[in-house]
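Since the structure comes first, as structure tokens, the remarks are kept for the end.
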Amino acid sequence: MTSPAPPCAGQLTEEGYGIPTYEAAIDPDTDWKTQLTKACRLLAAVDQIDEQGYYTATIELCFGATERSLEAYVLAEGGDEPDDFHDHTYCYDRASDLGLLSTTTTDDLRQLYDTNRTDSYYGGRRPTEQQADTMRRLSRSTHEHVTNQIRGGSVCVCSSQ
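Under the working numbering, the sequence shown has 936 at position 120, and the numbering climbs by one with no breaks.
And the structure:
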């Protein structure tokens with residue numbers, strides 16, 4: 817058996833492949849709009865796989881949507897730059913610093929993130945339908961809260977609210 821060939825770096829960066837085809841629903845206007853519309857698209861993907869038993873994928877997509885939503889707020893309201901997001905939990909802390917989330921909520925989200933990562937990646941946990949549904953509701957409510965708090969106006973392109 818031979819190992820599959822790794823993808824060429826040029827394929828991932830699309831160098832030498834002509835004009836790239838971008839995901840149309842992602843708003844490239846400003847960094848915060850890009851992050852917010854990425855969250856919308858992740859939630860749309862959750863809707864696409866709903867009720868098909870993809871609980872792990874649902875949970876992972878929901879964590880991604882929550883993080884992108886919080887990042888959008890931090891970029892829009894906090895003056896942060898994309899390079900400031902050096903790990904998955906920075907957005908939670910900054911959202912708390914900026915008053916979007918309470919310290920308790922931030923601590924709960926960080927704990928949820930840490931527990932999920934440990935259990936999902938290393939613990940052999942099998943996610944359940946209830947866990948996936950709970951994460952879906954949490955990510956949607958977080959996304960809606962962020963969308964309603966951004967002073968520059970929302971560019972939300974999803975119907976997940």
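All residues carry an ideal CB built from backbone N, CA and C; glycine is no exception.
The way I'd put it, the segment 943-951 does touch the segment 875-882; three or more beta-carbon pairs between them come closer than 8 Å. Taking every protein chain shown into account, the CB of Y938 has fewer than 16 other CB atoms within 10 angstroms, so this residue is exposed. When the five nearest sequence neighbours on each side are left out, the beta carbons in the same chain lying within less than 7 Å of the beta carbon of Q947 are those of Y871 and I875, in order along the chain. Between the alpha carbons of E887 and S912 lies a distance of about 12 Å.
Counting along the chain, the unbroken alpha helix (DSSP H) around A888 starts and ends at Y871 to G894. Per the coordinates, the alpha-carbon of D847 lies some 16 Å from the alpha-carbon of Q965.
At the C-beta level, E945 and L914 stay beyond 7 Å of one another. About 7 Å separates the Cβ atoms of I842 and R857, confirming a contact at the 8 Å cut-off.
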